[in-house]
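Numbering (the numbering used here), first residue to last: 82 to 209. C-beta atoms are modelled at their ideal positions from N, C-alpha and C, and glycine is treated no differently. Everything below concerns the one structure shown next.
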């Protein structure tokens, strides 16, 4: 049970410790739910933790090694207190610019022009 009034807080993910493992496990935990609600094709059925290169991609985003080419992506970890311990409950990935898969659409023109000062939430996952 969550401690009374504990809320949660966000921090940047770290490649030290178990943040990478948590992000991949939380991502994996979403796949059965997506399949159950008919959205299994969104991310497929292969666990992220078993996908070639996925762990390294998460590490690269966390370490900022691809920051210039991927629009300043960052992983964040959401944590709360539970029985006195700090528990990871979710993760998010943000960007400083809109991703190409959005900006290539004609109807996004006005948003492209205004995107110089935004924080785009690309991914939000909870440990399902």
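What is the DSSP secondary structure of residue i, reduced to helix, strand or coil?
| i | result |
| --- | --- |
| residue 123 | coil |
| residue 188 | helix |
| residue 168 | strand |
| residue 202 | strand |
| residue 207 | strand |
| residue 83 | Residue placement at residue 83 cannot be trusted, given a pLDDT of 48 that sits under 50; the coordinates are not used to answer. |
At which residues does the alpha helix (DSSP H) containing residue i begin and terminate?
| i | result |
| --- | --- |
| residue 156 | Per DSSP, residue 156 belongs to no alpha helix (DSSP H); it is in the beta strand (DSSP E), 155 to 163. |
Buried or exposed for residue i, please, with buried defined as at least 16 other CB atoms from any protein chain shown within 10 angstroms of its CB.
| i | result |
| --- | --- |
| residue 218 | Nothing about residue 218 can be read from this structure; the chain reaches only from 82 to 209. |
| residue 169 | buried |
| residue 123 | exposed |
| residue 181 | exposed |
Discussion item. Give the list of continuous alpha helix (DSSP H) stretches no shorter than 4 residues that lie fully inside the stretch 87 to 146.
Written reply: At a cut-off of 4 residues, the continuous stretches assigned as alpha helix (DSSP H) that sit fully inside the stretch 87 to 146 are 100 to 117, 135 to 144.
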